[in-house]
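**Q** Protein chains in written order, with our numbering: chain A, 177 to 327; chain B, 177 to 327. Every residue, glycine too, gets a C-beta built ideally from N, C-alpha and C. Predicted, not measured: the structure shown is a model, and the values here were computed from it. Just passing along the structure, written as structure tokens.
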DNA sequence: GAGTCTATCGCAACACGTTGCAATAAGCAT
DNA sequence: ATGCTTATTGCAACGTGTTGCGATAGACTC
């Protein structure tokens, strides 16, 4: 997988963005973008390194992480930190969103902009702080686990 | 510092809690608790290791981190992850609280339970999720930086 | 196509945290 | 005090992510 289908639209956007900044398009970057695109959900840094090395065994962690940083700078990828502090990356395919980690069942929910709006509003109201939805990573108990605990 | 004053109350609470669980009170644990108590604000794991080694050069990171985990299990300390994913520890001196990191000026604000109440309520309302204030670590722009950007 | 400039790569070393295991020592019983 | 049990320690190695540096190789000019 992630070998023949090179995700044309994304690649072209990237090449253009890089050229504009005097930066370069390389085979490693192509591979990393492909791998990220093929990781439908979220993937940790280490997982991405692993998968990239399957396509190109000579690739090194530093290259992968540096490229991920670059993609993030360009607004094509995002990363956030899970409850254990490890990094998780995903392409900015859809919209920006937050994350909810349930300490009961371990499930992870996404929090889209619409659902988050009242939360962000409450944060601003209580603190004057304008929070970034992308970095909103909450831990707690999901509705199901709360019901289980009560029952 | 953190040498003569052994924070009696805390130590006794700890000794009792450990005995109850069949666990042991050791000199290293005393030192680590003292260091934590002497770190008025929040301290990263690495900082704490560093300070503990000043009191006892033979101490190792594994001991420090294991003790911090233990203190957390006993409810005497807390840790959370900063925006870069690094760990930050503090004694549960006061009340549970969240953290706000401003990406503009780098400042860190604490968020007490009263201020957080409407936020937690909004989270539950929007998602059914009951979030832990201790793990609430937001990134965004503080009121001052927002004003600066507008002006 | 050859030459030039420099962004990017791979390597090696580092920083922070975690884990397995053998040696040590805390706490209890005698 | 002595011996026993086993929690805890220190060590060493590992996992994840970062950084500095010399070598490589894009992209542009002629």
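Against chain A, does residue 257 of chain B count as a neighbour if the rule is that its beta carbon must be under 8 angstroms from one of theirs?
**A** As a working note, residue 257 of chain B is residue 81 in the second chain. For residue 257 of chain B, the answer is yes, since a Cβ of chain A falls inside 8 angstroms of its Cβ.
**Q** With 16 other CB atoms within 10 Å as the buried threshold, where does residue 254 of chain B fall?
**A** To locate residue 254 of chain B, count along the second chain from 1; it is residue 78. Burial call: buried.
**Q** Which of the three DSSP states is assigned to residue 236 of chain A in this structure?
**A** Taking the first residue of the first chain as position 1, residue 236 of chain A is located at position 60. Reduced to three states, the DSSP call for residue 236 of chain A is coil.
**Q** Distance check for residue 186 of chain A and residue 212 of chain A, CA to CA, integer angstroms please.
**A** Working through the first chain from its first residue, we reach residue 212 of chain A at position 36. Working through the first chain from its first residue, we reach residue 186 of chain A at position 10. Approximately 11 angstroms, taken between the alpha carbons.
**Q** Can residue 215 of chain B and residue 257 of chain B be called in contact, C-beta distance under 8 angstroms?
**A** Along the second chain, read from residue 1 onward, the residue named residue 215 of chain B stands at position 39. Along the second chain, read from residue 1 onward, the residue named residue 257 of chain B stands at position 81. Result no, Cβ atoms of residue 215 of chain B and residue 257 of chain B do not sit closer than 8 angstroms.
**Q** Mapping the DSSP letters down to three states, classify residue 274 of chain A as helix, strand or coil.
**A** The sequence position of residue 274 of chain A within the first chain is 98, counting from 1. Correct three-state label for residue 274 of chain A: strand.
**Q** Shorter than 8 angstroms from the beta carbon of residue 287 of chain B to some beta carbon of chain A?
**A** Residue numbering aside, residue 287 of chain B sits at position 111 when the second chain is read from its first letter. For residue 287 of chain B, the answer is yes, since a Cβ of chain A falls inside 8 angstroms of its Cβ.
**Q** So is residue 262 of chain A buried or exposed if we call it buried at 16+ other beta carbons inside 10 Å?
**A** Mapped onto the first chain, residue 262 of chain A falls at position 86. By the 10 Å Cβ count, residue 262 of chain A comes out exposed.
**Q** Three-state secondary structure (DSSP) at residue 218 of chain A?
**A** Translated into positions along the first chain, residue 218 of chain A becomes position 42. DSSP places residue 218 of chain A in coil when its eight states are reduced to three.
**Q** Under 7 angstroms, CB to CB, which of the residues in the stretch 182-216 of chain B have a partner in chain A?
**A** none
**Q** Of all Cβ atoms in chain B, is any one closer than 8 angstroms to the Cβ of residue 304 of chain A?
**A** Taking the first residue of the first chain as position 1, residue 304 of chain A is located at position 128. True, the Cβ-Cβ gap to chain B drops below 8 angstroms.
**Q** For chain A, check one thing: does any of its Cβ atoms lie closer than 8 angstroms to the Cβ of residue 311 of chain B?
**A** On the second chain, residue 311 of chain B is found 135 positions in, with the first residue counted as 1. So, interface residue.
**Q** Along chain B, in chain order, which residues have C-beta atoms closer than 8 angstroms to that of residue 291 of chain A?
**A** For the purposes of this step, residue 291 of chain A is taken as the residue at position 115 of the first chain. Residues of chain B passing the Cβ test: 302 and 303.
**Q** Determine whether the Cβ of residue 233 of chain A lies closer than 8 angstroms to any Cβ atom of chain B.
**A** Stepping through the first chain from its first residue, residue 233 of chain A is reached at position 57. Cβ-Cβ to chain B under 8 angstroms: no for residue 233 of chain A.
**Q** Along the chain, where does the alpha helix (DSSP H) containing residue 325 of chain A start, and where does it finish?
**A** Sequence index remark: in the first chain, residue 325 of chain A carries index 149 (1-based). Segment 319-326, the alpha helix (DSSP H) holding residue 325 of chain A.
**Q** The beta strand (DSSP E) with residue 287 of chain B in it runs from where to where?
**A** For this step, residue 287 of chain B is matched to residue 111 along the second chain. From DSSP, the beta strand (DSSP E) with residue 287 of chain B extends over 284-288.
**Q** With H, G and I counted as helix, E and B as strand and the rest as coil, what does DSSP make of residue 206 of chain A?
**A** Along the first chain, one-based indexing puts residue 206 of chain A at 30. Reduced to three states, the DSSP call for residue 206 of chain A is helix.
**Q** If we count the other Cβ atoms within 10 Å of its Cβ and call it buried at 16 or more, is residue 210 of chain B buried or exposed?
**A** Sequence index remark: in the second chain, residue 210 of chain B carries index 34 (1-based). That one is buried.
**Q** When the cut-off is 8 angstroms and only beta carbons count, does residue 318 of chain B lie next to chain A?
**A** As a first step, residue 318 of chain B must be located in the second chain, where it is residue number 142. For residue 318 of chain B, the answer is yes, since a Cβ of chain A falls inside 8 angstroms of its Cβ.
**Q** Give me the Cα-Cα distance between residue 250 of chain A and residue 294 of chain B, rounded to the nearest whole angstrom.
**A** By 1-based counting over the first chain, the position of residue 250 of chain A is 74. By 1-based counting over the second chain, the position of residue 294 of chain B is 118. If I take the Cα positions, the gap works out to 35 angstroms.
**Q** Compare the C-alpha of residue 320 of chain A against each of A:297, A:288, A:302 and A:280 and name the closest.
**A** For this step, residue 320 of chain A is matched to residue 144 along the first chain. The option with the nearest alpha carbon to residue 320 of chain A is A:280.
**Q** Please classify residue 290 of chain B as buried or exposed, where buried requires at least 16 neighbouring CB atoms within 10 angstroms.
**A** On the second chain, position 114 is the one that residue 290 of chain B refers to. Counting Cβ neighbours within 10 Å, residue 290 of chain B comes out exposed, since fewer than 16 surround it.
**Q** What does a CB cutoff of less than 6 angstroms around residue 259 of chain A pick up in its chain, not counting 5 residues either side in sequence?
**A** Walking along the first chain from the start, residue 259 of chain A turns up at place 83. Correct list, in chain order: 277 and 315.
**Q** Give the single residue among A:308, A:220, A:300 and A:246 whose Cα lies nearest to the Cα of residue 330 of chain A.
**A** The displayed coordinates of chain A run from 177 to 327. Any statement about residue 330 of chain A would go beyond what the structure contains.
**Q** For residue 236 of chain A, count neighbouring C-beta atoms within 10 Å of its own C-beta (all shown protein chains included) and say buried if the count is 16 or more, exposed if not.
**A** Numbered from 1 along the first chain, position 60 holds the residue referred to as residue 236 of chain A. That one is exposed.
**Q** Alpha carbon to alpha carbon, how far is residue 188 of chain A from residue 222 of chain A?
**A** Walking along the first chain from the start, residue 188 of chain A turns up at place 12. Walking along the first chain from the start, residue 222 of chain A turns up at place 46. Cα to Cα, residue 188 of chain A sits roughly 26 angstroms from residue 222 of chain A.
**Q** Flag residue 294 of chain B as yes if its beta-carbon sits less than 8 angstroms from any beta-carbon of chain A, otherwise no.
**A** As a position in the second chain, residue 294 of chain B is number 118, starting the count at 1. Judged by the 8 angstroms Cβ criterion, residue 294 of chain B is in contact with chain A.
**Q** Can you give me the start and stop residues for the beta strand (DSSP E) that residue 263 of chain A sits inside?
**A** Sequence index remark: in the first chain, residue 263 of chain A carries index 87 (1-based). Counting along the chain, the beta strand (DSSP E) containing residue 263 of chain A begins and ends at 263-267.
**Q** Counting only beta-carbon separations shorter than 8 angstroms, does residue 219 of chain A have a partner in chain B?
**A** Taking the first chain and counting its residues from 1, the one referred to as residue 219 of chain A is at position 43. Judged by the 8 angstroms Cβ criterion, residue 219 of chain A is not in contact with chain B.
**Q** Is residue 314 of chain A close to chain B? Criterion is C-beta to C-beta, closer than 8 angstroms.
**A** Reading the first chain from its first residue, position 138 is the one you call residue 314 of chain A. So, interface residue.
**Q** In the DSSP assignment, the beta strand (DSSP E) including residue 254 of chain B goes from what residue to what residue?
**A** Here residue 254 of chain B corresponds to residue number 78 of the second chain, with the count starting at 1. Counting along the chain, the beta strand (DSSP E) containing residue 254 of chain B begins and ends at 253-257.
**Q** Comparing the C-beta of residue 263 of chain B with each C-beta of chain A, is any distance below 8 angstroms?
**A** For the purposes of this step, residue 263 of chain B is identified with residue 87 of the second chain, where counting begins at 1. Chain A places a beta carbon closer than 8 angstroms to that of residue 263 of chain B, counting this residue as a contact.
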